[in-house]
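Add 164 to the 1-based position in the sequence shown for the working numbering, that's all there is to it. These notes concern the structure reproduced below.
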Amino acid sequence: MAKTEVTTEMERQIYAATKKQGVFGCFEVTIGWFGKERVDYLTLDTKGIWRCYEVKVSVSDFRSKANKTFCGHYNYYVMPRELYEKVKGEIPSHIGVYIGGWLEKRAKKQELAVEEDVLKASLIRSLSREADKLIKSDNPSTVESLQRQIRYERKQKEEYRRMYQEERRKQKPRSKATS
């Protein structure tokens, strides 16, 4: 289904609001290899914080049974003000809201709903998909920028894996030597 102008505008606004040094994001990230869930926009920052954004442009869209993939530490709806005024009482207290690129309601931190490695692999796969699109469009400077992002994300994944394994080794109970 083609995106509406309102949806495209909401995407532009959330991109502009979150595009900062140290924040990496991608639209339409499918979670897992065979995932049925798709996050409209997913970001990861250099502190390891994941944020998920679901774009909603109408009451029927907001109330639809389609998955609202909120698997990040912080999760947000991105919507026009008119929609927010109609549905604000239906938004869970832990979900934040962006309106017109501005934070209207803060999200509360949650535990990740999906393993971090799955999120990283999903983000990298989606960034790679976007890089492929750009390569086919013959826009080399944008392609180089995305390839740098992908390399950085892969390095980060390996660093987090190393830190995680190191932490697990520290936490394993040491067996007592028997005399």
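Using N, Cα and C, we set each Cβ at its ideal position, and we do this for glycine too. Every value quoted in this text rests on a predicted model; they were computed, and no experiment measured them.
Checklist entry - Tell me which same chain residues have a C-beta within less than 6 Å of the C-beta of residue 343, skipping the five on either side of it? => result For residue 343, the predicted structure reports a pLDDT of 49, less than 50, and the residue's modelled location is therefore unreliable. The matter cannot be settled from this model.
Checklist entry - With contact counted as at least three CB pairs below 8 Å, one residue from each stretch, are the region 255-271 and the region 175-190 in contact? => result yes
Item to check | Assigned exposure category for residue 253 - 16 Cβ within 10 Å defines buried | outcome: exposed
Item to check | Continuous alpha helix (DSSP H) stretch holding residue 296: start and end | outcome: 280-301
Next on the checklist: Do residue 324 and residue 279 have their beta-carbon atoms positioned less than 8 Å apart in this structure?
Outcome noted: no
Next on the checklist: For residue 209 and residue 241, what's the separation of their Cα atoms in angstroms?
Outcome noted: 19 Å
Next on the checklist: Beta-carbon within less than 7 Å of residue 251's beta-carbon, same chain only, minus the 5 sequence neighbours each way: which residues are those?
Outcome noted: 223 and 226
Item to check | residue 197 versus residue 305: straight-line alpha-carbon distance, rounded | outcome: 29 Å
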